[in-house]
Amino acid sequence: MQRSRLLALLCLSLVCMQTRAQTAPAPGDAATHAAGALPIALDPTALAAVPRERIVAQAHGQRLDCEGVALAALLQAQHAMPTEPLRGAQLQRRIEVVARDGYTDVFALAELDPTLGARRVLLVDRCGGEPLAADAGPLRLIVPQDQRPARWVRQVRAITVITP
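Numbered per our numbering, the sequence shown spans residues 4 to 167.
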């Protein structure tokens, strides 16, 4: 009798653990996507859903006055970055930015978290009041806090949040 109760309790525990493991992750959890990769929408509708910002920056001796969206805000709008401070496994996430020519740059998601890195990164589509020229656009990533513009990706074609 005691043995059958113990066996029943063990089976119930396993069922509960399995049910918990199958519970859907919360929105904003990039782990909800296959292979740990969440592509970010870059179409005009997705960009219009995020508040626009202006930035004046210097690159290659040229002053740029550009407009676009904060990368962190774009990620949050698409539930790829939590609005709460990052914790635990979320700190392992990274952002991959790929240009038309294959040039790739990577950021830690923690760099964008206002409670951690607080790095300002903008995805711009206009400079000098005009849409970006073909050799720079249609989208360009600007990282004004970097000492040199090596991570200012031109002709951005894809942004993906990677969860290990």
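Positions of the beta carbon are idealized from the N, C-alpha and C atoms, including for glycine.
Who are the near neighbours of residue i in its chain, counting only those whose CB is closer than 6 Å to its CB and skipping five residues on each side?
i, result
"R154", "D108 and V146"
"L94", "A113"
"V53", "V72, A76, L77 and A80"
"P152", "A62"
"V156", "V100, A102, D108 and L144"
Contact check, residue i vs residue j under 8 Å by CB: the rounded distance?
i, j, result
"L144", "V159", "6 Å"
"V72", "R96", "Not a contact, Cβ separation roughly 19 Å."
"L135", "L45", "Not really, about 13 Å apart at Cβ, beyond 8 Å."
"L41", "L89", "So it is not a contact: roughly 15 Å between Cβ atoms."
"A161", "V101", "4 Å"
Quick one: grab the DSSP three-state call for residue i.
i, result
"L45", "coil"
"G39", "helix"
"Q158", "coil"
"V76", "At residue 76 the sequence reads Ala, which differs from the Val that was named. The answer is helix: DSSP assigns A76 an H, G or I state."
"A62", "strand"
"L94", "helix"
"E114", "helix"
"L144", "strand"
"L119", "coil"
"L50", "helix"
"A153", "helix"
"A34", "Residue confidence is low: A34 scores 41 on pLDDT, short of 50, so the model does not pin down where it sits. Its coordinate-derived value is still stated next. Here A34 sits in helix by DSSP."
List the residues that DSSP assigns as beta-bridge partners of residue i.
i, result
"P134", "R129"
"T163", "P42 and E99"
"T107", "V101"
"R55", "V72"
"L67", "A60"
Ordered along the chain, which non-local residues of its own chain (more than five positions away) have a Cβ less than 8 Å from that of residue i?
i, result
"G39", "A33, I165, T166 and P167"
"A75", "M84, L115, D116, P117 and V124"
"D104", "Q158"
**Q.** At least three beta-carbon pairs within less than 8 Å, the segment 75–90 to the segment 58–66
**A.** no
Q: Take every Cβ of the segment 120–134, pair it with every Cβ of the segment 62–70, and state whether three or more of those distances are shorter than 8 Å.
A: yes
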